[in-house]
Every structure is written in structure tokens, then in C-alpha cells.
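*Asks:* In our numbering, the protein residues as written are 316 to 460.
Just dropping this structure here.
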């Protein structure tokens, strides 16, 4: 995000990340709710074993995905901070610091690529989560957004 030159683009991307964080939190709350329902009703066995298997798989994979999404979100925030610091250093550098500037530009570019890769990974995890959510809930699922 910090590599974007336009403040409006940064703001838009930050808003998108905040929206995704909200969706992740809603998913986490949904998972917690499902876990609580399963714990409070141990005698109400579902007759369809396939439904039980899907629910079990959804709970396990969703929990893992939520953890990974939080980890990626934290890494994303850290990279954004590092990129901001490097940008400030680049802007403050003088012409005599050309080797330093070149090194910082290379590092900034590599971190920008890493950020893009993390964002793609985040998107893939989110899509997997949504697929599992839809598979588990079907048409009865409340909208996540």
C-alpha cells in the first residue's frame, strides 16, 4: 500500500483491507457460534453423515484460514510500515546518498512484490473460506458483508 504514489489509491486500498478484516471477523464469529452450538447440543445428532463431515471440515479449515488471514494481515501491516519508513528515507536522502538510494529502491521494489504476493495469497485464502462457507451454509447462509 505504501508503494502507491496516489494518496487516494492508498486510502481506497486501506479501506478495502479494513473491510476484509471485518469480513474475517464476521467469519470468525460465525465459526465460534457454530462451535458453541455443536458443544451445547451433543445429543442432537445430524442424521446425514455427509453433512457432519462437511461441517467438521468447514470448522477445521475455517479456523486455519482465519489464523492465516490474520497472520497475513499482520505481515501486510508490517510491510506497509517498513515501506513508509523507506519512502521517508528516500525522500529525505540527498544526491550524495546515491548508493544508499539505489539499495533502498531495490529493497522497496522487492517488498512491493512481496506485498503483492501476500495480497494474492490473502485473496486466495478468502476465496477458499467463502467457498467453504457457501458449501456449508448453502442458500440459507446470511451474507458476510
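For every residue, glycine included, the Cβ atom is placed at its ideal position computed from N, Cα and C.
Tell me whether residue 478 sits in a helix, a strand or coil according to DSSP, three-state version.
*Replies:* Any answer about residue 478 is impossible in this case: the structure gives the chain only from 316 up to 460.
*Asks:* When you compare only the Cα positions, how much space is there between residue 336 and residue 388?
*Replies:* Roughly 8 Å between the two C-alpha positions.
*Asks:* Is there contact here, the region 368 to 388 with the region 445 to 454, by at least three beta-carbon pairs under 8 Å?
*Replies:* These segments touch.
*Asks:* When burial is assigned at 16 or more other CB atoms within 10 Å of the CB, is residue 398 buried or exposed?
*Replies:* Its Cβ being crowded by 16 or more others within 10 Å, residue 398 is buried.
*Asks:* Can you tell me whether residue 363 is helix, strand or coil according to DSSP?
*Replies:* It is coil, neither helix nor strand.
*Asks:* Given a cut-off of 7 Å on the beta-carbon distance, is the pair residue 305 and residue 430 in contact?
*Replies:* This structure gives no information on residue 305, because the portion of the chain shown stretches from 316 to 460.
*Asks:* Hey, would you say residue 380 sits closer than 7 Å to residue 445, going by beta carbons?
*Replies:* The answer is no: Cβ separation not under 7 Å.
*Asks:* May I have the straight-line CA-CA distance separating residue 425 from residue 419, to the nearest angstrom?
*Replies:* The straight-line gap from Cα to Cα measures roughly 10 Å.
*Asks:* Between residue 377 and residue 339, is the Cβ-Cβ spacing less than 7 Å?
*Replies:* No, the Cβ-Cβ distance between residue 377 and residue 339 is not below 7 Å.
*Asks:* Measure the beta-carbon distance from residue 433 to residue 391 and round it to whole angstroms, keeping in mind my assumption that it falls under 8 Å.
*Replies:* Sure, about 6 Å apart at Cβ, within 8 Å.
*Asks:* For the region 401 to 443, which segments carrying the alpha helix (DSSP H) assignment without a break, of at least 4 residues, lie completely within its bounds, in sequence order?
*Replies:* Listed in chain order, nothing qualifies, since the region 401 to 443 has no complete alpha helix (DSSP H) run of 4 or more residues.
*Asks:* What residue from 374, 352, 344 has the CA that sits closest to residue 443's CA?
*Replies:* Of the listed residues, the one whose Cα sits closest to residue 443 is 374.
*Asks:* Can you find the residues in the same chain that come closer than 7 Å, C-beta to C-beta, to residue 343, ignoring five residues on each side of it along the sequence?
*Replies:* Cβ neighbours of residue 343 beyond the five flanking positions: 381.
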